[in-house]
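Protein chains in written order, with my numbering: chain A, 3 to 204; chain B, 3 to 204.
All residues carry an ideal CB built from backbone N, CA and C; glycine is no exception.
Since the structure comes first, as structure tokens, the remarks are kept for the end.
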DNA sequence: CCGGCAACGTGACGAAAGTCATGGAAGGTT
DNA sequence: AACCTTCCATGACTTTCGTCACGTTGCCGG
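Next up, the structure:
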């Protein structure tokens, strides 16, 4: 029996996953939680064979949890489970030390297989993501300054406000935007923010 | 036994929901599908007591499916199931004839209760959404045109592009923005989009 | 039938966003 | 040293955004 924990913030989905996985003959669900922090605590406490973690969660997302678990309890293999086929998620997840990337739109057999592979020390990646693997590992396009500007602008700050916050001239902020637009192939700040969200940059 | 069908496009989540609901003593899952169209077909064919439908699906979304099912097989009660607490979804869903709006972030007991209520002809709405019901049809809410503009702008469209799409002058679009800013207390489009997201308007 | 009102449509005009050329500072070559 | 490269900073200039005053349509209650 493979001992696993399920970390997923949507209560109903969590219960459902636990019910489904418990029906599998080779799997035993020994715990479950609703946030990244809970995930880390449970992993340390229960020492499961595999942790199945959703990515998007409040209070410590799945990728952060993978990083923590790999650091504190390296014997626990981590599988990321998500709705979204995002390059950035996959890259960050693998860098954090995940043993796999499973989409919620896969058959049950796929998850079971991913869990078995993870236990064997192999990495399992959703078939639809595998083609995107090459060319994925390059330095982060955006600089720190640029990411800061994006984050400040996200909730509606003007260039003047951003400049004040960062002790810059307004012109400097505008120039940072031009850099950002080029790197993200966006034509204005709204699109840049949308793309950055989509890629998981901010 | 309440006979239900489950319509959800994410394979794993669908399987998991079926497994979970099948464990409930009062419920029998008699069918499941992965798209709005399948939902309508299954509802007509199996005549279940209740249909549990995800909103976001390819090939006929859940709200469309509710509308069709209510039209073709009025004896089937429809429950909408979704991750997102969006005013817009709730309003459209109720207008389409849904018997309830269930968030995936609710305990299992909540769904069971919603299913029982639906069968009894009552409407069950996720607790966190109920407070928003009153203000949903008020004059200070955004008009249809205004919501359209917000949606088009969300991914970075300029006023010129929005105007072209809606067969308007650029000036009209700008004026709509001014209205939007007033109603949402936003100072620019970025903030307006952030607030609208937050409130679940778009 | 008419006044009120809400939603929509428009252009002129000031304010902000976005572009571009330029240059400084830090760190790593040869 | 001289040289790259990357990131950061700035102001002058163009484009787009946002405000305002005004006009139109259609609907509802008196």
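Assigned exposure category for residue i - 16 Cβ within 10 Å defines buried
i	result
residue 165 (chain A)	buried
residue 186 (chain A)	buried
residue 141 (chain A)	Any reading at residue 141 (chain A) needs caution, since the residue's pLDDT is 48, under 50, leaving its predicted position unreliable; the model's value is listed next. Label assigned to residue 141 (chain A): exposed.
residue 191 (chain B)	buried
residue 146 (chain A)	exposed
residue 271 (chain A)	No answer is possible for residue 271 (chain A): the residues shown for chain A start at 3 and end at 204.
residue 200 (chain B)	exposed
residue 132 (chain B)	exposed
residue 177 (chain B)	exposed
residue 38 (chain A)	buried
residue 120 (chain B)	buried
residue 184 (chain A)	exposed
Neighbouring residues, chain B, relative to residue i (Cβ below 9 angstroms)
i	result
residue 100 (chain A)	The contacting residues do not exist; residue 100 (chain A) stays about 17 angstroms from chain B at best.
C-beta atoms of residue i and residue j nearer than 9 angstroms
i	j	result
residue 195 (chain A)	residue 168 (chain A)	no
residue 64 (chain B)	residue 189 (chain A)	no
residue 205 (chain B)	residue 89 (chain B)	Nothing can be reported for residue 205 (chain B): it is not among the residues displayed for chain B, which extend from 3 to 204.
residue 135 (chain A)	residue 74 (chain A)	no
residue 128 (chain B)	residue 96 (chain B)	no
residue 54 (chain A)	residue 21 (chain B)	no
residue 109 (chain A)	residue 17 (chain B)	yes
residue 35 (chain A)	residue 71 (chain A)	no
residue 197 (chain A)	residue 156 (chain A)	no
residue 33 (chain A)	residue 62 (chain A)	no
residue 107 (chain A)	residue 19 (chain B)	no
residue 82 (chain B)	residue 56 (chain B)	yes
residue 154 (chain A)	residue 148 (chain A)	no
Run of the beta strand (DSSP E) containing residue i, from where it starts to where it stops
i	result
residue 104 (chain B)	102-105
residue 33 (chain A)	29-35
residue 82 (chain A)	79-84
Listed by chain order, chain B residues near residue i by CB distance under 8 angstroms
i	result
residue 84 (chain A)	Result: empty, since nearest Cβ-Cβ is about 10 angstroms, beyond 8 angstroms.
residue 21 (chain A)	18, 21, 22 and 25
Within chain B, the residues that residue i reaches when beta carbons sit closer than 7 angstroms
i	result
residue 150 (chain A)	Within 7 angstroms Cβ-Cβ: nothing; residue 150 (chain A) doesn't reach chain B, min ~16 angstroms.
residue 106 (chain A)	12, 14 and 15
residue 258 (chain A)	Past the boundaries of the shown model lies residue 258 (chain A); chain A is included only from 3 to 204, so the question cannot be answered.
residue 193 (chain A)	157 and 158
Range of the contiguous alpha helix (DSSP H) that encloses residue i
i	result
residue 5 (chain B)	No alpha helix (DSSP H) contains residue 5 (chain B), which is instead part of the beta strand (DSSP E) from 4-9.
residue 51 (chain A)	Run containing residue 51 (chain A): none; DSSP gives neither H nor E here.
residue 131 (chain B)	129-132
residue 167 (chain A)	161-168
residue 197 (chain A)	191-201
residue 112 (chain A)	110-121
residue 74 (chain B)	64-74
residue 17 (chain A)	13-24
residue 182 (chain B)	172-186
residue 90 (chain A)	89-98
residue 155 (chain A)	146-156
Integer-rounded CB distance, given that residue j should sit under 8 angstroms from residue i
i	j	result
residue 122 (chain B)	residue 78 (chain B)	With 8 angstroms as the limit, residue 122 (chain B) and residue 78 (chain B) do not qualify as a contact, their Cβ atoms being about 14 angstroms apart.
residue 28 (chain B)	residue 7 (chain B)	About 16 angstroms separates the two Cβ atoms, so there is no contact after all.
residue 12 (chain A)	residue 84 (chain B)	Going by Cβ atoms, the distance from residue 12 (chain A) to residue 84 (chain B) rounds to 10 angstroms, so no, they are not a contact pair.
residue 99 (chain B)	residue 68 (chain B)	6 angstroms
residue 102 (chain A)	residue 116 (chain A)	5 angstroms
9 angstroms Cβ cut-off: residues of chain A touching residue i
i	result
residue 109 (chain B)	13, 14 and 17
Residues that residue i contacts on chain A, provided the C-beta gap is smaller than 8 angstroms
i	result
residue 190 (chain B)	158 and 160
Beta-carbon neighbours of residue i, restricted to chain A and to distances below 7 angstroms
i	result
residue 113 (chain B)	14
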